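*Asks:*
2 protein chains.
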Amino acid sequence: MSGLTLSSFSFEDVPTSEIDAAEALYGGLADDVRTLNDLTIRTRVDADAVGEARALLQRAVALLAQDAPPGPAGIHYNDEGRSWNWGNAVVGVRNAVAPPVELEWHDDGTVGSALTLGAPYEGPPGSVHGGVSAMVLDHLMGETASARHSRVTVTGTLSLRYVQPLPLGPVRMAARIAEEAGRKVTVTAWISADTADATPSVEATGLFIVPRWAQEPDAPSGIGSLD
Amino acid sequence: MSGLTLSSFSFEDVPTSEIDAAEALYGGLADDVRTLNDLTIRTRVDADAVGEARALLQRAVALLAQDAPPGPAGIHYNDEGRSWNWGNAVVGVRNAVAPPVELEWHDDGTVGSALTLGAPYEGPPGSVHGGVSAMVLDHLMGETASARHSRVTVTGTLSLRYVQPLPLGPVRMAARIAEEAGRKVTVTAWISADTADATPSVEATGLFIVPRWAQEPDAPSGIGSLD
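Residue numbers (the numbering used here), protein chains in the order written: chain G, 783 to 1009; chain D, 783 to 1009.
Have a look at this one:
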């Protein structure tokens, strides 16, 4: 993808300790909203209870909206090599829409993740939406291509093969670099149920690109995949 | 994908008017939670205000949890040809994680959708996450393959080409059937910014399959795509 530049990232003169504290504060809020995302699908309470709940939510909305500038969260970095993308749709710790995915970086270059996909991620009855599998695999594969955030990559192409339904619940995915040629990195990945005898539900291959602008000497470190 | 059967769908002896009323009641709740998903990313209020908001949210959680059986929403249908998949990750009207996508069925067989993707769908700074584009396209393409829900389809393969970043905000997507051969339906699609001169940000081709079990004479009508 073209159109992004170094100035897409925002340098912040904020120590990592402050970033960590903000993540804990607003991440806790996101946990509560994540619970609400799940319950809103499953609840059977009557109209009076729904009305009462909505009144509470609207009071919370008014509180949070007192200081909420428009626009998305963006990607920021400080001079300690810390970066944060709180709104990211897959890994954003302040984003209750994100599962969120937590990455496991292995020494052999593979990247894995174990996560639980519940009611908000349904497609076929009782199964993970095929598009959700595509979304989390795309992110995992981009991170893998970034070689532990040592370079910026963007997605070029992504191909998915749907083998069997993926039951909602605990799932596991893994990705590895299959090939590298110049600025092109080919990554393969799979996602499956998180059981001992599970076979992949979805298999994926993606081509990720290191943009020319990301090779400039003043490119910020620690950014990684631009999924 | 194999593993799904006719019994994956649940027949409910409920008139359509009751389903519509439930959608309005719980859909309103989902709208409030959707607002919270957005604000949780953007708010800058202090720890006291976050604490006060969280206390309100936790009271709402307690109310909604009073009657909320475990498990996902599933796909249901009645004898009036109405089906509902309230928890679907892309179109579920009770799912605040879903944008939600609303489909436009055109007489020429194309299916379109205009939607707004805000802060919770971010990937690169200010842009839609590539995985989110994959997710909504997968769903749109599956629905297209179902030929206005006249047959059940599941995703076989999906290939995406990322051409340029897709800015957060109003976007538009469209899909059409490119080819049909037996139980195999090939669909092409694109997503772009919703402006007059926009060119596609992501292009996609997918192979969708009509499962053998879905050709049985007692297959429920109105179900459509099993994304």
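We treat Cβ as the ideally placed atom computed from N, Cα and C, and that holds for glycine.
What you are looking at is a predicted structure, and each value in this text was computed from that prediction instead of being measured.
Valine 879/G versus chain D: which residues are under 7 Å apart at the beta carbon?
*Replies:* Under the 7 Å cutoff, chain D gives Asn819, Val879, Pro902.
*Asks:* With respect to the beta strand (DSSP E) encompassing threonine 937/D, which residues constitute its N-terminal and C-terminal limits?
*Replies:* Counting along the chain, the beta strand (DSSP E) containing threonine 937/D begins and ends at 936 to 944.
*Asks:* By alpha-carbon positions, which one of Asp814/G, Phe793/G, Pro907/G, Trp866/G ends up nearest to histidine 931/G?
*Replies:* Answer by Cα proximity: Trp866/G.
*Asks:* Please state whether the Cβ-Cβ distance between threonine 939/D and serine 928/D is less than 8 Å.
*Replies:* Going by C-beta atoms, threonine 939/D is not nearer than 8 Å to serine 928/D.
*Asks:* Kindly list the residues whose CB is nearer than 8 Å to the CB of valine 827/D, restricted to its own chain and excluding five residues on each side of it in sequence; keep chain order.
*Replies:* These residues qualify, in order along the chain: Ala835.
*Asks:* What three-state label does DSSP hand histidine 931/D in the structure shown?
*Replies:* Histidine 931/D falls in the coil class under three-state DSSP.
*Asks:* Just to make sure I have the definition right: I need the residues of chain D whose C-beta is within less than 7 Å of the C-beta of alanine 996/G. Which are they?
*Replies:* Under the 7 Å cutoff, chain D gives no residues; its nearest Cβ is about 12 Å from alanine 996/G.
*Asks:* Give the single residue among Ala957/D, Ser974/D, Pro902/D, Gly912/D whose Cα lies nearest to the Cα of glycine 891/D.
*Replies:* Looking at the Cα atoms, Ala957/D is the closest of the given residues.
*Asks:* Quick check: the stretch 809 to 823 of chain D against the stretch 875 to 892 of chain D, are at least 3 beta-carbon pairs closer than 8 Å?
*Replies:* Yes: at least three Cβ pairs fall under 8 Å.
*Asks:* Would you say valine 953/G and valine 910/G are within 8 Å of each other, going by their C-beta atoms?
*Replies:* Closer than 8 Å, so yes.
*Asks:* Anyone know if the C-beta pair for valine 883/G and leucine 897/G falls short of 8 Å?
*Replies:* Yes, the Cβ-Cβ distance between valine 883/G and leucine 897/G is below 8 Å.
*Asks:* How long is the line joining the alpha carbons of tryptophan 778/G and leucine 807/G, rounded to whole angstroms?
*Replies:* Residue 778/G is absent from the model: chain G starts at 783 and stops at 1009.
*Asks:* Looking at the structure shown, is valine 953/D part of a helix, part of a strand, or coil, going by DSSP?
*Replies:* Three-state DSSP puts valine 953/D in a strand.
*Asks:* Tell me the residue span of the beta strand (DSSP E) that contains isoleucine 991/G.
*Replies:* 984 to 991 is the extent of the beta strand (DSSP E) around isoleucine 991/G.
*Asks:* Taking arginine 824/D and proline 851/G to be in contact with their CB atoms under 8 Å, please state how far apart those CB atoms are, rounded to whole angstroms.
*Replies:* That pair is a contact at about 7 Å.
*Asks:* Per the contact definition of three or more C-beta pairs closer than 8 Å, is the stretch 957 to 966 of chain G in contact with the stretch 794 to 804 of chain D?
*Replies:* Verdict: no, contact absent.
*Asks:* Return the CA-CA distance between alanine 996/G and alanine 855/G, expressed in angstroms with no decimal places.
*Replies:* Computed Cα separation, rounded: 21 Å.
*Asks:* Of the residues that make up the stretch 844 to 873 of chain G, which ones have a beta carbon closer than 7 Å to any beta carbon in chain B?
*Replies:* Looking for chain B here will not work: the only protein chains present are G and D.
*Asks:* Kindly indicate which residue of Leu950/G, Asn860/G, Ala831/G, Thr970/G has the alpha-carbon position closest to the one of glutamate 985/G.
*Replies:* Glutamate 985/G has its Cα closest to that of Thr970/G, out of Leu950/G, Asn860/G, Ala831/G, Thr970/G.
*Asks:* Across which residues does DSSP place leucine 897/G in a beta bridge pair?
*Replies:* Partner(s): Val953/G.
*Asks:* Distance check for glycine 809/D and proline 949/G, CA to CA, integer angstroms please.
*Replies:* Looking at the two C-alpha atoms, the distance is approximately 25 Å.
*Asks:* Could you tell me how far apart the beta carbons of phenylalanine 990/D and glycine 894/D are, in whole angstroms, since I believe they sit closer than 8 Å?
*Replies:* Rounded, the Cβ-Cβ distance is 18 Å, inconsistent with contact.
*Asks:* Round the Cβ separation of proline 902/G and alanine 871/D to the nearest angstrom and send it over; I've been treating them as touching at under 8 Å.
*Replies:* At roughly 6 Å, the Cβ-Cβ gap stays under 8 Å, so proline 902/G and alanine 871/D are in contact.
*Asks:* Give the range of the alpha helix (DSSP H) segment to which isoleucine 799/G is assigned.
*Replies:* A small correction: the amino acid at residue 799/G is serine; isoleucine does not occupy that position in the sequence shown. Element bounds for serine 799/G: 798 to 824.
*Asks:* Going by the CB atoms, is the gap between serine 941/D and serine 941/G shorter than 8 Å?
*Replies:* In contact: serine 941/G and serine 941/D (Cβ atoms closer than 8 Å).
*Asks:* DSSP three-state label for threonine 977/G, please.
*Replies:* Note: threonine 977/G maps to coil in three-state DSSP.
*Asks:* Near glutamine 848/D, what residues of its chain come up, given a Cβ to Cβ distance below 6 Å and the 5 sequence neighbours on each side ignored?
*Replies:* Correct list: empty, nothing qualifies.
*Asks:* Short of 6 Å in beta carbon distance, which residues of its chain neighbour alanine 804/G, apart from the five on each side in sequence? Order them along the chain.
*Replies:* Result list for alanine 804/G: empty, nothing under 6 Å.
*Asks:* Hey, quick one: how far does the alpha helix (DSSP H) through alanine 837/G stretch, first residue to last?
*Replies:* 829 to 846 is the span of the alpha helix (DSSP H), which, as asked, contains alanine 837/G.
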